[in-house]
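Asker: In the working numbering, the protein residues as written are 1 to 444.
Before anything else, here's the structure in question.
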């Protein structure tokens with residue numbers, strides 16, 4: 001009888017301490033279909049590897065579907081390019097084709113890394129764009145909402161404080177934990193997809209109160225004012241902290257949303273600062289005592305003018321004043337940022353030797369189209385990419401000089417494109433460089 005079945009069972013695959021609830025065991029046993037069984041198998045292995053003792057329900061997942069191998073490599077793995085086969089292999093790690101009916105959790109998608117209107121601007125060209133179109137249709141078929149952005153909290157997926165999530169994308173993970181006070185670990189392509197199918201994620205790491213407390217205190221002397229300042233401070237401590245959780249004290253000015261997006265992205269770029277506290281700003285740090293809980297502060301670090309100047313020099317790696325490409329929108333620009341850049345470009349024209357790319361999400365692009373800002377940007381010569389990422393731009397010339405207002409972009413673009421000369425500065429400095437063809441940015 002069902003009433004005789006305990007709510008919690010020991011999985012036959014989990015010889016250690018991992019225990020499964022009744023619905024989790026049913027999924028593992030295949031009673032809810034082969035797709036959920038395969039997903040639960042993956043999650044059990046994942047949880048065992050982490051040392052988790054149980055799972056927690058989640059109804060908020062973001063997954064990424066655009067990080068697939070080069071088409072030629074993909075064809076070797078899945079010659080037919082059948083979408084169910086592709087999804088089975090690359091999202092569930094299964095050589096057996098598993099046809100998914102519907103996801104169980106509310107799930108949104110990260111950028112697919114391709115704007116269908118500009119196939120030649122992105123690596124893989126028209127063939128990669130067509131594959132991404134089919135992937136997008138697949139996600140829609142299984143019940144995933146195609147937000148297609150790395151900042152889902154700007155486009156309809158904003159979890160509440162304390163909500164258990166399973167999110168992909170590094171900057172979003174840090175923003176989710178630190179700014180929203182929701183809870184996610186650093187999930188990957190496989191684990192997030194499995195969580196979407198099952199509505200489960202391991203109860204481990206950032207899902208537990210005791211793991212969210214600070215163990216490093218940072219005393220801030222050089223006050224961050226602009227988004228650039230927050231990028232600099234975040235990047236600096238991304239190189240210093242590893243997986244430690246910092247609490248920032250002495251911050252005198254409350255940062256805006258875009259500064260916190262920048263800060264979240266920067267700490268996760270050279271490091272893994274998936275959780276941070278700012279006294280009086282972030283939701284779990286009304287006081288130093290709340291931010292630290294029962295955890296002992298192991299280190300006290302400082303951030304002053306010297307550290308600020310050092311990280312600025314580290315990010316700027318060009319000896320040429322000429323600029324060939326300007327990339328804005330990493331993470332995806334929100335509506336206010338797009339409006340600001342449109343205002344900067346109104347009545348002006350991009351230099352003939354410069355390409356200006358701005359990435360955003362389709363929900364924001366729709367508003368820009370309606371309000372006329374897209375026309376302003378287009379008239380100036382800017383190209384707005386939706387659903388995409390500047391890191392997949394098809395930059396053919398490794399000698400090109402790239403400028404960006406994103407520390408994340410200037411960190412990654414050399415490794416993804418072969419470009420070695422990069423400038424990092426404010427949005428205004430980047431727009432000025434796009435107009436003049438020259439870099440005039442300085443640390444102010």
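A virtual CB, placed ideally from N, CA and C, is assigned to each residue, including glycine.
For clarity, every value in this text was computed on a predicted model and none was experimentally measured.
How should residue 316 be labelled, buried or exposed, when 16 other C-beta atoms within 10 angstroms of its C-beta is the threshold for buried?
Answerer: Counting of Cβ neighbours within 10 angstroms places residue 316 among the buried residues, the total reaching 16 or more.
Asker: Does the Cβ-Cβ distance between residue 274 and residue 185 come in under 9 angstroms?
Answerer: Yes; because the gap between Cβ atoms is below 9 angstroms, this pair is in contact.
Asker: Compute the beta-carbon to beta-carbon distance between residue 81 and residue 109, rounded to the nearest angstrom, for a pair I have assumed lies under 8 angstroms.
Answerer: Not confirmed; about 19 angstroms, so no contact.
Asker: Compute the Euclidean distance between the alpha carbons of residue 90 and residue 251, then round it to the nearest angstrom.
Answerer: 43 angstroms
Asker: By the 10 Å Cβ neighbour count, where 16 or more other Cβ atoms means buried, how is residue 378 classified, buried or exposed?
Answerer: exposed
Asker: Does the Cβ of residue 431 have 16 or more other Cβ atoms within 10 Å, making it buried, or fewer, making it exposed?
Answerer: buried
Asker: Do residue 356 and residue 405 have their CB atoms nearer than 9 angstroms?
Answerer: no
Asker: Per the DSSP calculation, residue 71 is bridged to which residue(s)?
Answerer: BP columns for residue 71 are empty, so no partner.
Asker: Find out if the Cβ-Cβ distance for the pair residue 334, residue 154 is shorter than 9 angstroms.
Answerer: yes
Asker: Looking at residue 267 and residue 212, is the spacing between their C-beta atoms short of 9 angstroms?
Answerer: no
Asker: Applying the 10 Å Cβ sphere with the 16-neighbour rule, what's the burial state of residue 375?
Answerer: exposed
Asker: Give me the Cβ distance between residue 331 and residue 151, rounded to the nearest whole Å; I'm assuming they're in contact under 8 angstroms.
Answerer: 5 angstroms
Asker: Considering only the beta carbon of each residue, do residue 157 and residue 60 sit closer than 9 angstroms?
Answerer: yes
Asker: Residues in its own chain within less than 7 angstroms of residue 424 by CB, not counting five upstream and five downstream?
Answerer: 315, 316, 404, 407, 410
Asker: Within 10 angstroms of the Cβ of residue 346, are there 16 or more other Cβ atoms? Answer buried if so, exposed if not.
Answerer: Its Cβ having fewer than 16 others within 10 Å, residue 346 is exposed.
Asker: Does DSSP put residue 272 in a helix, a strand or coil?
Answerer: coil
Asker: Which residue comes first and which comes last in the alpha helix (DSSP H) that contains residue 329?
Answerer: DSSP places residue 329 in no alpha helix (DSSP H) but in the uninterrupted beta strand (DSSP E) bounded by 325-333.
Asker: Assess, as a yes-or-no matter, whether the region 201-219 is touched by the region 379-395 under the definition of 3 or more beta carbon pairs within less than 8 angstroms.
Answerer: no
Asker: How far does the alpha helix (DSSP H) with residue 395 in it extend, from its first residue to its last?
Answerer: No alpha helix (DSSP H) contains residue 395, which DSSP labels as neither H nor E.
Asker: If you reduce the DSSP assignment to three classes, tell me which class residue 230 lands in.
Answerer: Note: residue 230 maps to helix in three-state DSSP.
Asker: Whole angstroms is fine: what's the gap from residue 337's alpha carbon to residue 159's?
Answerer: 22 angstroms
Asker: Is it buried or exposed for residue 394, if we count other Cβ within 10 angstroms and need 16 for buried?
Answerer: exposed
Asker: Within its chain, find whatever has a CB closer than 7 angstroms to the CB of residue 75; leave out the 5 residues flanking it on each side and keep chain order.
Answerer: Counting only Cβ-Cβ distances below 7 angstroms, and skipping sequence neighbours, we find 81.
Asker: Within 10 angstroms of its Cβ, does residue 11 collect 16 or more other Cβ (buried), or is it exposed?
Answerer: Because the pLDDT of residue 11 is 41, which lies under 50, any placement of that residue in the model is unreliable, and the number read from its coordinates should be weighed accordingly. Classification of residue 11: buried, given that the 10 Å Cβ count is 16 or more.
Asker: Quick one: using the 10 Å Cβ neighbour count with 16 as the cut-off for buried, is residue 144 buried or exposed?
Answerer: buried
Asker: Please report the distance separating the alpha-carbon of residue 366 from that of residue 260.
Answerer: 24 angstroms
Asker: In the DSSP assignment, find the alpha helix (DSSP H) that holds residue 376 and state where it starts and stops.
Answerer: 373-380
Asker: From this set, 137, 319, 392, which residue's C-alpha is nearest residue 441's C-alpha?
Answerer: Of 137, 319, 392, the smallest CA-CA separation from residue 441 is found for 319.
Asker: Write down every uninterrupted run of the beta strand (DSSP E) in the region 77-132 whose length is 3 residues or greater and which is fully enclosed by it, in chain order.
Answerer: Runs of the beta strand (DSSP E) inside the region 77-132: 107-109.
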